[in-house]
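Just below is one structure, and these are the notes that go with it.
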Amino acid sequence: MATAFDDLVVGAGAGPTNAAEVVGFEHDGGVARPLPGLVACPFGTAYGARVGSGDVGPQGAAEVIAGPGPDPSAPATVRRVFLCRSTLVEVSTTPLVAFAGAYGVNPASVSAGQ
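So the numbering used here is basically just the index in the sequence shown, starting at one, shifted up by 48.
What follows is the structure in structure tokens.
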């Protein structure tokens, strides 16, 4: 739903029993409601997930950029997804390996300017 407010994207906290889950919410300045289609657990690890967003692809809209939390077995990978007609679409089926090693990543996006 298009409103004057941005949607919210959150990752589960870093607890040892928390799945690497990412959820989204839309709001119109009042109560936040679950964003249809934006519930993902893309990593299969514990210790939550870390999320960011930004227009990092050719779609012209912000994508969700997610990485696993600080699980000792979590690879340092990033996945990009975007919402298309209430369906979560992964930009690539191959995650971006950000670093060799484990303990997840802290994803973010930055504008490169014009």
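Every residue gets a Cβ at the ideal spot worked out from N, C-alpha and C, and that includes glycine.
Keep in mind it's a predicted model, so treat the numbers as computed, not measured.
Residue range of the beta strand (DSSP E) that includes residue i
i	result
residue 149	144 to 150
residue 74	70 to 74
residue 97	97 to 102
residue 110	Run containing residue 110: none; DSSP gives neither H nor E here.
residue 163	Since the first and last residues shown for the chain are 49 and 162, residue 163 lies out of range.
Residue burial classification, residue i (beta-carbon count within 10 angstroms, cutoff 16)
i	result
residue 153	buried
residue 123	buried
residue 119	buried
Identity of the residue in the options nearest residue i by Cα
i	options	result
residue 60	96, 125 and 158	96
Residue i - partner residues in DSSP beta bridges
i	result
residue 118	Answer by DSSP bridge pairing: none, since residue 118 is not bridged.
residue 126	144
Below 8 Å, can you find three or more Cβ-Cβ pairs linking the stretch 114 to 121 to the stretch 74 to 83? These segments do not touch.
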